[in-house]
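Structure record follows, encoded as structure tokens.
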Amino acid sequence: MKNFILTFVLLLCSAISSKAQISLNDVNKATAVGSKAALSSFDVSGVSSQILGTLKPKLNLTPEQVPQVTSIVTELLNKKKNALPMMASNKAGYNSVMSGIQSAFPSKMKTVLKAQQYATLLGLMPKSPSSTNILSKLLF
Numbered sequence: 004m005k006n007f008i009l010t011f012v013l014l015l016c017s018a019i020s021s022k023a024q025i026s027l028n029d030v031n032k033a034t035a036v037g038s039k040a041a042l043s044s045f046d047v048s049g050v051s052s053q054i055l056g057t058l059k060p061k062l063n064l065t066p067e068q069v070p071q072v073t074s075i076v077t078e079l080l081n082k083k084k085n086a087l088p089m090m091a092s093n094k095a096g097y098n099s100v101m102s103g104i105q106s107a108f109p110s111k112m113k114t115v116l117k118a119q120q121y122a123t124l125l126g127l128m129p130k131s132p133s134s135t136n137i138l139s140k141l142l143f
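Written as structure tokens, this is what we have:
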């Protein structure tokens with residue numbers, strides 16, 4: 004009787020543990036679905052408009068500066084969008100791209116802005132992700 008109970012318990016445990024394991028294929032499918040969702044929910048045009056809506060009045064952008072700033076913001080947002088699929092599968096690659104964006108944004112903006120505008124921009128840039136700062140959507 005003890006052998007029967009022991010065998011039954013072992014079979015039950017092995018059945019439960021095999022159901023609890025997730026196959027690598029399932030993980031890859033979930034990663035692909037998550038990447039597609041992140042990619043489809045990242046609206047470059049909408050985020051770009053929000054960022055420009057913030058920067059234009061706060062930096063007092065001139066009509067000549069607006070298209071240049073728009074171009075910089077859109078370019079970097081597209082780089083981020085292209086890197087989003089790596090977030091789950093290649094974290095180091097994603098972090099490398101984001102680090103590049105974080106350093107490229109102020110350096111590219113410096114070529115377009117006057118000294119006072121640039122100083123204001125540096126004050127607007129978040130040091131860490133923030134739900135209240137629209138620049139976080141670009142930089143983090």
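Just so you know, we're using our numbering here: the sequence shown kicks off at 4 and counts up by one. Backbone N, C-alpha and C define an ideal beta-carbon position, used for all residues, glycine too.
Which of helix, strand or coil DSSP assigns to residue i
i	result
methionine 89	helix
valine 114	According to the sequence provided, residue 114 is threonine. The question's valine does not apply to it. Coil.
leucine 64	coil
asparagine 81	helix
asparagine 98	helix
isoleucine 137	coil
lysine 59	helix
Distance, residue j Cα to residue i Cα
i	j	result
lysine 113	serine 51	18 Å
glutamine 105	methionine 90	16 Å
valine 30	serine 92	Unreliable positioning characterises valine 30 in this predicted model, as indicated by a pLDDT of 48, which lies under 50. The coordinate reading is nonetheless provided below. Taking the straight line from one Cα to the other gives about 10 Å.
asparagine 136	threonine 65	22 Å
serine 110	proline 88	26 Å
isoleucine 75	proline 60	17 Å
leucine 27	leucine 58	Its pLDDT being 48, under 50, leucine 27 is placed unreliably in this model, and the value from its coordinates should be taken loosely. Computed Cα separation, rounded: 45 Å.
methionine 101	glutamine 68	25 Å
glutamate 78	lysine 117	21 Å
lysine 84	tyrosine 97	11 Å
Nearest neighbour of residue i, chosen from the options [CA to CA]
i	options	result
serine 131	Leu125, Leu142, Ala122, Leu124	Leu142
proline 70	Lys83, Lys82, Gly56	Gly56
Own chain, CB closer than 8 Å to residue i, minus 5 neighbours either side, in chain order
i	result
leucine 129	According to the sequence shown, residue 129 is proline rather than leucine. The answer, listed in chain order, is Asn136, Leu138, Ser139, Leu142, Phe143.
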